[in-house]
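Here's the structure, in structure tokens; my notes come after.
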Amino acid sequence: MTRLDPDGTWTCNLVTGANDPYAIEIVAFLVPAGYTPPALEADAALPEALYAFPYAETIRYPRVRFANCDWMVKRVNDLISPGPNYFSDNPENLWVDETGQLHLRLTQRGGRWYCSEVVAERTLGYGRYALTVTGGIPGLDRNAVLGFFTWDDRVPTYNSREMDVEISRWGDDRLPNARFMVQPWYHTSNLHEFEVDPGGDPNGVTTHEFLWDAQQVRFQSYYGPFALNPPADRLITSWRYSGADLPQAGKENLHLSLWLIGHLPPGAGQPVEVTIGGVTYLPADPNAVHRFWSPALARHFFTISPSEKEKLQRDYPNVWAYEGIAYWALAQGGHPDLAPVHRFWSDRLADHFYTIDEAEKNRLIDAHSDVWTYEGVAFYAWPEGRQPPGSRPIYRFWSDATGSHFYTAQEAEKAKLFREHANLWTYEGIAWHAYVPPAGP
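Heads up, our numbering is the position in the sequence shown plus 73, with the first residue counted as 1.
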């Protein structure tokens, strides 16, 4: 126990060891003077009673950039769950290649087998979680487990809010190689086992996902990459759970790991590798943001409204040419990380302007209402730093010559503006984050 100094500050020494020799996770609780905290023995989590008091925490894990997000990399030099195993951030165990795919690997160094795991930095809550696997399922060692799951290690309520997609033979080649699960696993109604044969897709790609809300969780696996509406003929299996063990959303984080059962070595005694093509999170079904181009006005226009899209195509085909779906966004808010994208119109510039920045929106309304008319919320997207896995940045450009802004989700289009039109377009940074085809139906 450490007393606060009169100015409200405090200092203490950190004693490391056991599961956290690097002092990666630090939490401080503000408790009454004379308080006796619960005993901490060999528990994986701090006593739940402590979290009734004000607290602050920091996590200083190594990071890896994957699926447009930073992930914490698990690094532990003592045996820890799952397994238990040793977990390493060594590049031999985990890396992102030049195509943006994540490689998870089991390797042996110094007589120890090391596993790999990444953890999403922020709690995502209810929604759709999807894992796309592009390599490693065929011939996956019988003692290895690929896990994609939610976990709350702060408060172990609702069985740590754990729901799992797991690819493994569980040490027995006769068992199915995949399962969906809501903890606790020993309740037989909480488990759905099945067989995954990536050969059902010409590229050996499979996607495994769960859609979670307050009433149920729906799991499905299908051939091919993530799709908003996967075709029925690509479905491998589906399963729905709405029983008493369904967790409610809390402070869970998404985990992705490759680990060994019971700290056993791989059955073949060789390193094991799995390649992850993507992870996607959606809080709700997104809507298409449509892109139009006007040769007469030399302007682009974006709308999420089907009726507005249809009106332009029906009434103004000589003015506006439809260029297709630019990306996918949300028509409604409701998720704590979402923010409204505001839309303005300027008669003077004959241009629309979009911004997710509340300060920029307010400045235009308060100081430039003679130029810009506020038209309301266009749609909802993610500000920089709050984007979920699987989203993509939307880039913003400004042209003094045309007096207009331009927005694109396409890396090739962005690169072309830099390469061929730098004298015309000035890059202003990331406007917001959204979803990009081919995530559409």
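Idealized CB from N, CA, C, for every residue including glycine.
Contact under 8 Å by Cβ, residue i with residue j
| i | j | result |
| --- | --- | --- |
| Gly282 | Gln293 | The sequence given here has Glu at residue 282, not Gly. Result yes, Cβ atoms of Glu282 and Gln293 sit closer than 8 Å. |
| Leu331 | Leu219 | yes |
| Tyr202 | Ala287 | no |
| Gly335 | Gly156 | yes |
| Gly462 | Asn141 | The question names Gly, yet the displayed sequence has Pro at residue 462. Closer than 8 Å, so yes. |
| His373 | Phe222 | no |
| Tyr354 | Leu204 | no |
| Pro304 | Met236 | no |
| Phe417 | Leu437 | yes |
| Asp424 | Ser464 | no |
| Asn86 | Val192 | no |
| Tyr159 | Val149 | yes |
| Tyr500 | Phe375 | no |
| Asn263 | Gly316 | yes |
| Asp226 | Glu194 | no |
| Trp83 | Thr89 | no |
| Gly323 | Arg182 | no |
| His506 | Gln460 | yes |
Neighbourhood of residue i by C-beta distance below 7 Å, restricted to the same chain and skipping five residues each side
| i | result |
| --- | --- |
| His260 | Asp318 |
| Pro514 | Confidence is the limiting factor: at Pro514 the pLDDT is only 37, short of 50, which leaves the residue's position unreliable, though a coordinate-based value still follows. Correct list, in chain order: Ala300, Leu301 and Asn302. |
| Ala101 | Tyr128 and Ala129 |
| Arg307 | Tyr295, Tyr296 and Gly297 |
| Ala46 | Within the shown structure, residues of the chain are numbered from 74 to 514, placing residue 46 beyond reach of any answer. |
| Ala369 | Val392 |
Paired residues, beta bridge with residue i - DSSP
| i | result |
| --- | --- |
| Gly200 | Trp285 |
| Asp424 | Ser419 |
| Asp430 | Asp430 pairs with nothing; no bridge assigned. |
| Trp312 | Phe292 |
| His506 | Trp455 and Pro466 |
| Asp237 | Phe222 and Met254 |
| Ile398 | His363 |
Residue i versus residue j: straight-line alpha-carbon distance, rounded
| i | j | result |
| --- | --- | --- |
| Ala454 | Arg387 | 28 Å |
| Gln174 | Thr279 | 14 Å |
| Arg252 | Val238 | 6 Å |
| Thr310 | Arg291 | 11 Å |
| Ser161 | Arg185 | 11 Å |
| Asn360 | Ala404 | 6 Å |
| Val509 | Pro466 | 9 Å |
| Pro249 | Pro211 | 13 Å |
| Gln256 | Asn232 | 6 Å |
| Asn435 | Pro275 | 51 Å |
| Ala512 | Val169 | Unreliable placement is indicated for Ala512, whose pLDDT of 44 sits below 50; the coordinate value is still reported in the next sentence. Distance between the alpha carbons of Ala512 and Val169: 21 Å. |
| Trp258 | Pro79 | 50 Å |
| Ala432 | Thr446 | 16 Å |
| Phe126 | Pro120 | 12 Å |
| Leu497 | Leu103 | 56 Å |
| His265 | Ser241 | 13 Å |
| Ser378 | Tyr395 | 14 Å |
| Val392 | Thr172 | 39 Å |
| Phe426 | Trp471 | 10 Å |
| Leu337 | Asn216 | 7 Å |
| Arg364 | Arg492 | 23 Å |
| Pro271 | Thr207 | 9 Å |
| Ser138 | Met254 | Sequence check: residue 138 is Arg here, not Ser. For Arg138 and Met254, the distance between alpha carbons rounds to 28 Å. |
| Gly351 | Gly81 | 45 Å |
| Phe267 | Leu113 | 40 Å |
| Asp410 | Gly244 | 40 Å |
| Ala412 | Asp358 | 16 Å |
| Asp439 | Gly407 | 27 Å |
| Pro390 | Val269 | 48 Å |
| Ala399 | Asp246 | 46 Å |
| Ala474 | Glu381 | 28 Å |
| Leu490 | Glu484 | 10 Å |
| His176 | Tyr314 | 31 Å |
| Asp430 | Trp224 | 32 Å |
Cβ neighbours of residue i in the same chain (closer than 6 Å, five flanking residues each side left out)
| i | result |
| --- | --- |
| Asn166 | Arg178, Thr180, Tyr187 and Ser189 |
| Gly209 | Glu346, Val347 and Thr348 |
| Pro229 | Ala118 |
| Gly273 | Tyr296 |
| Tyr468 | Thr481 and Lys487 |
| Trp312 | Phe253, His265 and Phe292 |
| Pro356 | Gly200 and His408 |
| Ser367 | Val392 and Trp393 |
Closer than 8 Å to chain C by CB, residue i
| i | result |
| --- | --- |
| Arg416 | The structure shown has no chain C; it contains just one protein chain. |
Anticipated Cβ contact below 8 Å, residue i with residue j, distance rounded
| i | j | result |
| --- | --- | --- |
| Val516 | Trp401 | Shown here, the chain extends from 74 to 514; a query on residue 516 therefore has no answer. |
| Thr428 | His441 | That pair is no contact at about 12 Å. |
| Ile132 | Glu98 | 5 Å |
| Ile503 | Glu457 | 5 Å |
Contacting residues, own chain, Cβ-Cβ under 8 Å from residue i (five flanking each side not counted)
| i | result |
| --- | --- |
| Leu213 | Leu219, Ile240, Ser241, Arg242, Asn250, Val345 and Val347 |
| Leu77 | Trp83 |
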